[in-house]
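Q: Each step along the sequence shown adds one to the number in my numbering, with nothing skipped, and position 113 is 113. Glycine residues also receive a C-beta, built at the ideal position from the N, C-alpha and C atoms. No experiment lies behind these values; they were computed from the predicted model shown.
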Amino acid sequence: MKAYTELVRHGGNQRLFQAIEMSVLATQVNRPLHIHAEGARGTGKTTLFRAARDLLPLIQRIRGCRYNCHPLQPHCPEHFHLSPEEAAEIGIEQVPMPFWEISSGAEISTVAGSINVHNFPAAAHPGASILPGIIPRANRGILFIDDINQLAAASPAVMKIILEVMAAKPGRVQIEQSGLPTVQIPVQVSVWAASDPDGFPGPLERVCKTLIDCFDMVIRLGRPQERDIVQQLLQQSQVYRTNPRQVIFNDPLILLRQQQRKLRAVAGVFDQIRLSDALKNMIANIYLDFGLQSLRAVEAMELGSRLQAALQNRQQVQMADLAAIIPLILAHRVSLQTLEKVLAYLDYAQFIETRPTLPAKLEKTETHIST
1 MKAYTELVRH
11 GGNQRLFQAI
21 EMSVLATQVN
31 RPLHIHAEGA
41 RGTGKTTLFR
51 AARDLLPLIQ
61 RIRGCRYNCH
71 PLQPHCPEHF
81 HLSPEEAAEI
91 GIEQVPMPFW
101 EISSGAEIST
111 VAGSINVHNF
121 PAAAHPGASI
131 LPGIIPRANR
141 GILFIDDINQ
151 LAAASPAVMK
161 IILEVMAAKP
171 GRVQIEQSGL
181 PTVQIPVQVS
191 VWAASDPDGF
201 PGPLERVCKT
211 LIDCFDMVIR
221 LGRPQERDIV
231 QQLLQQSQVY
241 RTNPRQVIFN
251 DPLILLRQQQ
261 RKLRAVAGVF
271 DQIRLSDALK
281 NMIANIYLDF
291 GLQSLRAVEA
301 MELGSRLQAA
311 LQNRQQVQMA
321 DLAAIIPLIL
331 AHRVSLQTLE
341 KVLAYLDYAQ
351 FIETRPTLPA
361 KLEKTETHIS
371 T
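1) Between the alpha carbons of residue 308 and residue 140, how many angstroms are there, rounded?
2) From this set, 343, 55, 254, 213, which residue's C-alpha is nearest residue 98's C-alpha?
3) Kindly list the residues whose CB is nearer than 8 Å to the CB of residue 292, restricted to its own chain and excluding five residues on each side of it in sequence; keep chain order.
4) Cβ of residue 149 within 8 Å of Cβ of residue 82?
5) Assuming contact is defined by CB atoms lying nearer than 8 Å, are residue 61 and residue 75 in contact in what I supplied?
6) To the nearest angstrom, how far is the alpha carbon of residue 146 from that of residue 160?
7) Report the rounded CA-to-CA distance for residue 15 versus residue 85, giving the unit in angstroms.
8) Report the option in 114, 300, 284, 273 whose CA atom is closest to the CA atom of residue 175.
9) Give me the residue from 339, 328, 104, 77 with the minimum Cα distance to residue 196.
10) Where DSSP assigns a beta bridge to residue 70, which residues make up the other side?
11) Helix, strand or coil for residue 94 per DSSP?
12) In its own chain, which residues sit with a C-beta less than 6 Å from the C-beta of residue 321, not counting the 5 before and 5 after it?
13) On the criterion of 16 or more Cβ atoms from any shown chain inside 10 Å, does residue 215 qualify as buried, or is it exposed?
14) Counting C-beta neighbours from all protein chains within 10 Å, is the total for residue 190 16 or more, i.e. buried, or is it exposed?
15) Return yes when the Cβ of residue 32 is within less than 8 Å of the Cβ of residue 58, no when it is not.
16) Closest by CA to residue 143, which one among 351, 220, 277, 34?
17) Which residues does DSSP list as the beta-bridge partners of residue 187?
18) Taking the CB atoms as reference points, tell me whether residue 265 and residue 28 lie closer together than 8 Å.
19) Return helix, strand or coil for residue 293, following the three-state DSSP convention.
20) Measure how close the beta-carbons of residue 12 and residue 223 come, nearest whole angstrom, since I'm counting them as under 8 Å.
21) From residue 130 to residue 107, what does the alpha carbon distance come to, in whole angstroms?
22) Reducing DSSP to helix, strand and coil, say where residue 193 ends up.
23) Grab the span of the beta strand (DSSP E) containing residue 141 for me, first residue to last.
24) Would you mind giving the Cβ-Cβ distance between residue 24 and residue 232, rounded to the nearest angstrom? I have them listed as a contact below 8 Å.
25) Report the residue from 133, 272, 194 whose alpha carbon sits nearest the alpha carbon of residue 50.
26) Note down the Cα distance separating residue 283 from residue 166, rounded to an integer number of angstroms.
27) Please list the terminal residues of the continuous alpha helix (DSSP H) segment that includes residue 205.
28) So the candidates are 21, 3, 6; which of them puts its Cα closest to the Cα of residue 192?
29) What runs of the beta strand (DSSP E), each 3 residues or longer, lie entirely inside the segment 17-90?
30) With distance defined between alpha-carbon atoms, name the residue in 219, 347, 352 nearest to residue 37.
31) Determine the direct distance from the alpha carbon of residue 323 to that of residue 339, and round the result to whole angstroms.
32) Give every residue of the same chain whose Cβ lies closer than 6 Å to the Cβ of residue 388, excluding the five residues on either side of it in the sequence, and list them in chain order.
33) Please identify the residue among 314, 346, 312 whose C-alpha is closest to the C-alpha of residue 290.
34) Return the chain-ordered list of same chain residues with a C-beta closer than 8 Å to the C-beta of residue 226, the five sequence neighbours on each side being excluded.
35) Return the residue from the list 200, 221, 351 that minimises the CA-CA distance to residue 44.
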């Protein structure tokens with residue numbers, strides 16, 4: 001499979017690159033960011049999501065923990081009672097940030113987990129006998145769901161579990177077994193999903209309207225529109241058919257390491273990135289004046305604008321950062337007409353913000369003339 005840095009960027013997929021890098025950064029700083037890519041088959045959404053695994057950093061966990069417990073904040077049934085000193089005695093290890101996939105044919109026990117009833121302590125302490133599923137094992141990482149609209153149509157029970165993971169941050173997963181107490185496990189995970197809205201069973205918002213709002217960002221992919229981009233894709237495909245190891249544009253490994261270093265550096269200073277009172281007020285105005293229904297949109301605007309500023313190496317969020325992420329956050333929440341009005345509102349606000357200040361005398365004259 002091609003490396004993340006070998007994939008060709010173009011107007012149709014640029015926003016997905018942007019959203020993925022923001023989500024990786026958000027996951028590093030324990031602020032999950034759920035993203036959903038919609039596009040016709042062949043637009044490269046699944047390829048891009050899987051290739052983004054290259055970007056994921058190492059994380060620290062209690063040695064051998066199946067739930068990826070942070071050494072300072074253990075949460076799983078096996079380690080939640082440990083102090084940091086006791087966790088350190090077990091040992092600390094570095095492992096790649098988890099990346100797990102849920103297929104459209106997944107079952108509840110595979111996704112959530114099960115309890116081994118043949119294990120002696122199960123009746124008294126079911127948590128000690130858990131066989132964790134994909135979601136608990138993806139904790140502090142990425143959960144990828146391809147063809148999520150098909151999964152939503154085929155298995156509402158599995159989608160209910162995923163909703164509980166996404167609806168709150170952190171989410172939770174319940175593991176149930178007949179005759180035994182239910183076990184709840186907190187989960188901190190970013191959900192990535194892909195779907196073809198033109199294929200069966202249709203767009204996700206039609207199949208599971210509740211779920212679509214749980215995604216912080218929705219990206220609609222398009223095909224490349226530039227002739228040179230198409231030629232570049234053809235050249236790359238030809239080279240990979242004849243010699244998959246040949247590097248044709250830039251050394252992908254060098255570029256990948258640079259990208260990883262950038263994300264690590266930005267994650268280290270993310271808590272210092274601030275939103276001014278004026279921008280907070282603007283987010284509140286957008287929510288109230290344009291009739292947004294979901295407070296998740298407000299939270300996504302706050303987090304998304306900080307992530308965008310971080311990736312631009314800024315410690316103070318600018319209005320341009322908010323404007324850059326608004327289409328990703330509102331496209332699935334408002335009509336196209338409302339989205340255009342919000343963008344026009346931000347354009348005007350940016351114009352006022354960047355307009356040169358006139359000398360007092362000229363400003364007075366200008367006001368008189370306009371009156």
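A: Inspection of the coordinates gives the following:
1) 21 Å
2) 55
3) 286, 298, 330, 333, 334
4) no
5) no
6) 17 Å
7) 43 Å
8) 114
9) 104
10) 73
11) strand
12) 305, 308, 309
13) buried
14) buried
15) no
16) 34
17) 171
18) no
19) coil
20) 5 Å
21) 16 Å
22) strand
23) 141-146
24) Not quite, the Cβ-Cβ distance comes to about 25 Å (not below 8 Å), so this is no contact.
25) 194
26) 22 Å
27) 204-207
28) 21
29) 35-38, 58-62
30) 219
31) 11 Å
32) The displayed coordinates of the chain run from 1 to 371. Any statement about residue 388 would go beyond what the structure contains.
33) 346
34) 10, 11
35) 221
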